[in-house]
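Heads up: the sequence shown at position 64 corresponds to 51 in this note's numbering, and the numbers run straight through without jumps.
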Amino acid sequence: MEKLVYGAYEISMDGKGRVLLPREVREFWSLAADSKLKITARPDGCLILLLPDIWEREIASFKEENPENPARRRYIEAYMHYTREEKIDNTGRLMLASPLRKFSGIEPGTKVGMITGSFDRFLLMSKEVWDRHEKEIKNDAADRLWEQK
């Protein structure tokens, strides 16, 4: 059984583009060989942090999809174009490549925002994306409660 990840943690980036990962996040990555992970992007501005074997499974599933679906094709293109393999250093820092920082709006020397657990991956996002994400969650939850009445 794969390890389930959850929780939300506020994080920041140093002037060199490194994010200091919280202890709970670093413990999850200890499952990866040499603390390597795959980082990629979602069209909504979130960065996705995955174990390499989970990334490989997702790539295999993309090959089975219909390339004529424009929305899905854009998602897959973003996923593939922005993928990088990175390693967490001995002090628990993760370097984010410039294209990933630009895509997500995360700048060195600033408060990054949040890293959140989401089943088998973590999502890293700027404060602006986090605020939008949190608002959508609240609105969706309120809509579901209203529909149940």
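Beta carbons are placed, not taken as given, at the ideal position from N, Cα and C, and that holds for glycine.
- A direct Cα-to-Cα measurement between Ser113 and Glu(-3) gives close to 10 Å.
- Distance from Leu34 to Leu111 at the Cβ level is roughly 4 Å; contact confirmed, criterion being Cβ atoms closer than 8 Å.
- If only uninterrupted alpha helix (DSSP H) runs of at least 4 residues are considered, those enclosed by the segment 60 to 92 are 85 to 91.
- By the beta-carbon neighbour count (other beta carbons within 10 angstroms, threshold 16), Arg61 is exposed.
- Excluding its 5 nearest sequence neighbours in each direction, Arg71 has C-beta neighbours in its own chain below 7 Å: Ile26, Ala84 and Leu87, listed in chain order.
- Taking Pro30 as reference, the option from Tyr69, Trp16, Asp107 and Glu14 with the minimal CA-CA separation is Tyr69.
- Looking at the DSSP output, Tyr(-4) bridges to Ile102.
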